[in-house]
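If you read the sequence shown in this note's numbering, its first letter stands for residue 1, the second for the next number, and so on.
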Amino acid sequence: MSKLAEQVLLISGASSGLGAACTERCLNQGARVIGMDLAATGIPVATSTANYLHAQGSVTDATAVAQAISQGIARFGKLTGAICCAGILHAERVVGRDGPANLESFGRVLEVNVLGTFNVIRLAADAIAKNPPSEADGQRGVIVMTSSIATYDGQVGQAAYAASKGAVASMTLPIARELAKLGIRIMSIAPGVFETPMMQAASDKVRQPLLDQTPFPKRFGQPDEFAAMVEHIFENPMLNGSVIRLDAALRM
Ligand SMILES: NC(=O)c1ccc[n+]([C@@H]2O[C@H](COP(=O)([O-])OP(=O)(O)OC[C@H]3O[C@@H](n4cnc5c(N)ncnc54)[C@H](O)[C@@H]3O)[C@@H](O)[C@H]2O)c1
């Protein structure tokens, strides 16, 4: 039986792309899921089951995330993990045709991708810490964050996005060290290019060179391949404090 079966998980960005794939896989494996998203509803397969609770709101909103967690605990009895997929993409040159980059856009990317992720983690970890430790290793829960290969290979126009995903990668180890005493593991996944609405919105001019540079398999990732990595992180107790590239050897 999958380790996901015994989980109650907060999944941010649950209504689309990687978060939707995680939601579907976790529900299929028997987990109960609190799905948080700006969108008003979750994916159809989730909303038709009693094991899913949708919370509309922003990950940057302290009250909204706290409410989502407390409503989830009221319904499902506990929280055992979080999967942070909410995020936004932004491309802008430092000095473009119309002058210097917009400072507010830079701040918005950091706000959603870094502050939003941290907000989910701090509130989820506080709730997870209340679980009794498992008999095996004393584990209380697991958290997965979504970074990006832009952390390492950011392209022109990706200053804000790369900075935000680099921050997620950088905070993985210090948080793992701190949460160790609470029996909580935390990992980040740095995806390459995955076929989600975020990437499907990109033009062929952006997509084709990325595909050309991908060694093998020569295609973009499927969202469920990301969800499968998340499931493995829950399964494998030795995974903690690091960032896994999931990118078919793509170096952008
Ligand atoms: N798709 C890729 O190729 C790829 C590659 C590397 C990293 N990522 C990262 O993976 C994560 C998921 O991306 P995706 O491709 O599934 O994108 P997506 O746009 O398909 O889904 C993102 C979801 O997050 C939600 N969201 C955005 N801002 C939010 C907020 N403030 N509060 C709550 N929900 C919010 C959106 O409504 C959407 O449902 C993002 O962090 C993205 O940066 C994606």
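The C-beta atom is built at its ideal place from N, Cα and C for all residues, glycine as well.
Whole-number beta carbon distance between residue j and residue i, since they are thought to touch under 8 Å
{"i": "Pro-215", "j": "Ala-248", "result": "6 Å"}
{"i": "Pro-191", "j": "Thr-146", "result": "7 Å"}
{"i": "Ile-83", "j": "Leu-9", "result": "6 Å"}
{"i": "Met-36", "j": "Ala-68", "result": "5 Å"}
{"i": "Ser-15", "j": "Ile-34", "result": "Rounded, the Cβ-Cβ distance is 13 Å, inconsistent with contact."}
Length of the line joining the Cα atoms of residue i and residue j
{"i": "Gly-96", "j": "Pro-217", "result": "35 Å"}
{"i": "Gln-29", "j": "Gln-71", "result": "22 Å"}
{"i": "Gly-17", "j": "Gln-200", "result": "10 Å"}
{"i": "Arg-25", "j": "Ala-127", "result": "23 Å"}
{"i": "Lys-78", "j": "Asn-131", "result": "7 Å"}
{"i": "Arg-140", "j": "Pro-100", "result": "47 Å"}
{"i": "Gln-7", "j": "Arg-207", "result": "36 Å"}
{"i": "Tyr-161", "j": "Leu-115", "result": "13 Å"}
{"i": "Leu-27", "j": "Ala-159", "result": "36 Å"}
{"i": "Glu-231", "j": "Tyr-152", "result": "24 Å"}
{"i": "Gly-183", "j": "Arg-122", "result": "14 Å"}
{"i": "Ala-31", "j": "Val-94", "result": "43 Å"}
{"i": "Lys-181", "j": "Leu-250", "result": "36 Å"}
{"i": "Val-65", "j": "Ser-12", "result": "9 Å"}
{"i": "Met-171", "j": "Asn-119", "result": "13 Å"}
Contact test: residue i Cβ vs ligand 1 heavy atom, cutoff 7 Å
{"i": "Asp-153", "result": "no"}
{"i": "Ile-143", "result": "no"}
{"i": "Val-206", "result": "no"}
{"i": "Phe-194", "result": "yes"}
{"i": "Asp-224", "result": "no"}
{"i": "Gly-42", "result": "no"}
{"i": "Met-252", "result": "no"}
Residues sharing a beta bridge with residue i, DSSP
{"i": "Arg-185", "result": "Val-142"}
{"i": "Pro-100", "result": "Val-95"}
Inset, instruction - Could you tell me which uninterrupted beta strand (DSSP E) segments, each at least 3 residues in length, are contained entirely in the region 24-95, listed from first to last along the chain? - result: 32-37, 52-56, 81-84
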